[in-house]
Amino acid sequence: MKLIVIAVGQRMPDWVEQGWQEYARRMPQDCAIELREIKAEPRTSGKTAAQMMQAEAKRIEAAIPAQAMRIALDERGKDLTTVKLAQELERWRSSGQDIAILVGGPDGLDASLKQSCHGMLRLSSLTLPHPLVRIFLAEQLYRAWSVMTGHPYHRA
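Heads up: take any position in the sequence shown, counting from 1, add 33, and you land on our numbering.
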């Protein structure tokens, strides 16, 4: 299984890339994590938020592998504990499919794109800046993997 994080936004600061790489390199080969950055629609184009999300949704769609299970990050998604995320990760791994985790832009994800997903997760009740979401998500996936495999990283 591969975890493919498809995130709107490019050219993140170095500290974001370093944070992402720190956790991505820790993941084992059978649960590798990959980042695919999607160009954000310019916020100065005069388009409505819905039009911008639709344009970004087309780019996201193009980046999703054909047979991947789709999981959207959304504020209305399922709120999981670390242990529950580890159980989800185990369920995903047993499915044999790659998992595409979708991270929207400043306005979120297009409604039709969310409807095409197999599930929706929520990382926090707090509003997180997009650069931090990537690092936070990578760390939580690594932590879930550590719980799932009995690795000592997570101390319950």
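Glycine included, C-beta positions come from ideal geometry on N, C-alpha and C.
Quick check: the Cα distance between residue i and residue j, rounded to an integer number of angstroms?
| i | j | result |
| --- | --- | --- |
| M45 | Q54 | 13 Å |
| T77 | A40 | 20 Å |
| R188 | R176 | 10 Å |
| L113 | R155 | 7 Å |
| Q120 | G129 | 15 Å |
| L118 | D63 | 17 Å |
For residue i, which of the options has the nearest alpha-carbon?
| i | options | result |
| --- | --- | --- |
| M20 | Q173, M34, A177 | No information on residue 20 is available, as it lies outside the stretch 34 to 189 that the chain covers here. |
| R109 | M181, R69, S157 | S157 |
| T182 | E123, A82, F169, S128 | E123 |
| M85 | L118, V180, G141, E70 | G141 |
| D9 | A90, I168, G137, A83 | Look at the range of the chain in this structure, 34 to 189, and you will see that residue 9 is not part of it. |
| A73 | Q87, F169, E67 | Q87 |
| T81 | R92, D143, I37, Q51 | D143 |
| V38 | H184, W178, A171, K91 | A171 |
Could you tell me if residue i is buried or exposed, where buried requires 16 or more neighbouring beta carbons within 10 angstroms of its beta carbon?
| i | result |
| --- | --- |
| W125 | buried |
| G79 | exposed |
| Q173 | buried |
| G42 | buried |
| W48 | exposed |
| R58 | exposed |
| Y56 | buried |
Report the residue ranges of all alpha helix (DSSP H) runs contained in full by the region 96–139; include only those spanning at least 4 residues, in chain order. 115–128
Quick check on the DSSP output: what are the complete beta strand (DSSP E) runs of length 3 or more inside the region 36–97, in order along the chain? 65–71
Can you find at least 3 beta carbon pairs, one from the region 128–139 and one from the region 88–103, that sit closer than 8 Å? yes
Kindly confirm or deny that the region 156–172 and the region 141–148 touch, where touching means at least three C-beta pairs closer than 8 Å. no
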